Every structure is written in structure tokens, then in C-alpha cells.
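Note sheet for the following structure.
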Amino acid sequence: MPNKSVLALCGAGCLFLLSACGDVTMYEPGVYKGKHDETATEEAVQQRSGDLRERAQSGMTDR
Amino acid sequence: MARMKFLCDAERCIECQACVTACKNEHEVPWGVNRRRVIVMNDGRPGEKSVSVACMHCTDAPCAAVCPVDCFYTTADGIVLHDKDLCIGCGYCFYACPFGAPQFPQQTAFGVRGKMDKCTFCAGGPETAGSRAELIKYGTNRVAEGKLPLCAEMCATKALLAGDGDIVADIYRKRVMTRGGRPQTWGWQAAYGEDA
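Note that the protein sequences, when read in sequence, are chains A and B.
Residue numbers for the first sequence follow my numbering, so the first one is 1 and each next one is one higher.
Residue numbers for the second sequence follow my numbering, so the first one is 1001 and each next one is one higher.
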């Protein structure tokens, strides 16, 4: 029967190894964890929406 | 908040394939990948109709729902984009998409799937807007420059509409009113015949 302290040490060692010691991305279902897209934010969209609306109205409508 | 949408008016599309060519040229899409295609129904018969199809940027995108690595995200104006650095090329999105939008480049002789490629609504991807990396991975980012997708902008008959869903719907509604009726390309009669 191994000593309790040895077991605890092994457990701690395993946890340390599994944590990969740094920047770990944990998987969560349905959550995007890729690169941040600065043009996808609400501010960026609000900034460009006027231009896009004007362009659609001038370019797409029947003249 | 605007919600970006495509709409192809089948009464106007003349199957010129200019949208396909414009897309391939603008984004330097590799050989074998078609982000946009023109589908022809009743080809060569009376009542032939064509419709230009690409990613429809679904509100509840099935590709995103089935992606095992969750590489899809939606911009605040409803454009469905994906991160090619996360994509593992599994092809689930291809089976889930009702429009056949996801494309997989054939990189080797044995057809091993590469990273998925699809229409970005000319909005690039999760790289710095206008950067070389964005161009290589996702194509040009016209939306960031205040421009709409090139396929729609250069459609000669204005069959392909793109932009805020409200504006697109208004344009199409006016056309239907002018034509004096609903086009019967789709709907009950087209599906089940005149007698149904």
C-alpha cells in the first residue's frame, strides 16, 4: 500500500501535466474560440451600415 | 441592426455566370472551389430558370450547429464566417448545408479534404482587415471598405441582390408589384403541377 503522501504527490503531478502549464483553450460546445474579428463587432457594423445601405439603394434598385 | 442577405431573382437571372467569375477573380479562389454557382432548372426546356447560389448566411446556420470544433461565428449584421485555423476539414458542414455552400479544395491526388472554403459575403475573416493573410485565407474584405459583394454589384440584370434584408425585400417587392404577380418558379404549382 503506497504512502498517502506519495499518492497525493502523484495526483498533483498528473494534474500539473494535464494542465499543459499555460495557455489552454478548453472546449465548450457551441462557443467560438477562434481569432477575434474586429469587423464583426456591433461598433464596426454600425460604422459601415450607412455606407452599405446607401450603396445598396444606389446600386441594386431599378432605375 | 441590418441583416445581410442574398436574394436571386430567378425571373431575371440569365445564367451568364458573371457572378461566379467575379467571385473567383476577386477572391483568387483556387481551382476546383466554387463559392458561388448558377443552378439551372428545366435546362433547355420552356420555362427554364436559373438561380445563383452561394452561402445564404443563415440566421440559424446548420453548418455552425454541426461543426465539431465550432469554427463558425456570425457578425453583428448576420454574416456567417469561419476561422480556417480551427477548421479540421471534416466535411460535416458540407452535409448539413442545404445549399452546398461549403467547398473543400482537393489538395492531393487522393482528394484529402483541406480547410473548408465558402462565400464570406466579401467580408473576409478573422484576420486583420485588408491584410495579406486575410486575402490568402478568405479573400478580399469589401464590406470593411463599405462595398457590397462583387457578385451582386456586377450582376448585369440585377438578378442577384445583396445587402440589408430590408432593402433587398423592398426592391424585390417592388419588382413583384410591377410584374403584376408572384413568380411561379417556386411554390405550390411548381412543386405539384397545375392541378394540385
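Virtual Cβ for every residue (Gly too), placed ideally from N, Cα, C.
It should be emphasised that the depicted structure is a prediction, and the values quoted were computed from it without experimental measurement.
Ranking B:D1166, B:G1078, B:A1065 by CA distance to the CA of E42 (chain A) puts B:G1078 first. Apart from sequence neighbours up to five positions away, the residues of its chain that approach G1100 (chain B) with a beta-carbon distance below 8 angstroms are R1037, V1053, F1094, ordered along the chain.
For L1150 (chain B), the closest alpha carbon among the candidates B:Q1017, B:E1026, B:I1171, B:D1009 is that of B:E1026. Those residues of the region 29–44 of chain A placed with their C-beta closer than 8 angstroms to a C-beta in chain B are P29, G30, V31, Y32, K33, G34, K35, H36, D37, E38, T39, A40, T41, E42, A44, ordered along the chain. Runs of the alpha helix (DSSP H) lying entirely within the region 1047–1133 of chain B, each at least 4 residues long, are 1062–1066, 1092–1096 in chain order.
Each residue's CA atom was taken as its position, placing F1104 (chain B) and L7 (chain A) some 49 angstroms apart. In the DSSP assignment, I1039 (chain B) falls within the beta strand (DSSP E) that extends over 1037–1041.
If you check the CB distance, D1117 (chain B) and R1173 (chain B) do not come in under 8 angstroms. With respect to the C-alpha of M1056 (chain B), the residue from B:Y1073, B:L1007, B:Q1017 having the closest C-alpha is B:L1007. Along the region 1123–1153 of chain B, going in chain order, the ones with a CB nearer than 9 angstroms to a CB of chain A are A1123, G1124, G1125, P1126, E1127, T1128, A1129, N1141, V1143, A1144, E1145, G1146, K1147, L1148, A1152, E1153. Cα atoms of C1071 (chain B) and L15 (chain A): separation of roughly 28 angstroms, rounded to the nearest angstrom. Between P1062 (chain B) and the set B:C1023, B:P1098, B:L1148, the nearest pair of CA atoms involves B:P1098.
Its Cα nearest to that of G1091 (chain B), the residue B:K1115 stands out among B:R1142, B:K1115, B:E1048, B:D1085. Under the three-state reduction of DSSP output, N1025 (chain B) falls in the helix class.
Put simply, the CB of M26 (chain A) is far from chain B, with every gap to its CB atoms at 8 angstroms or more.
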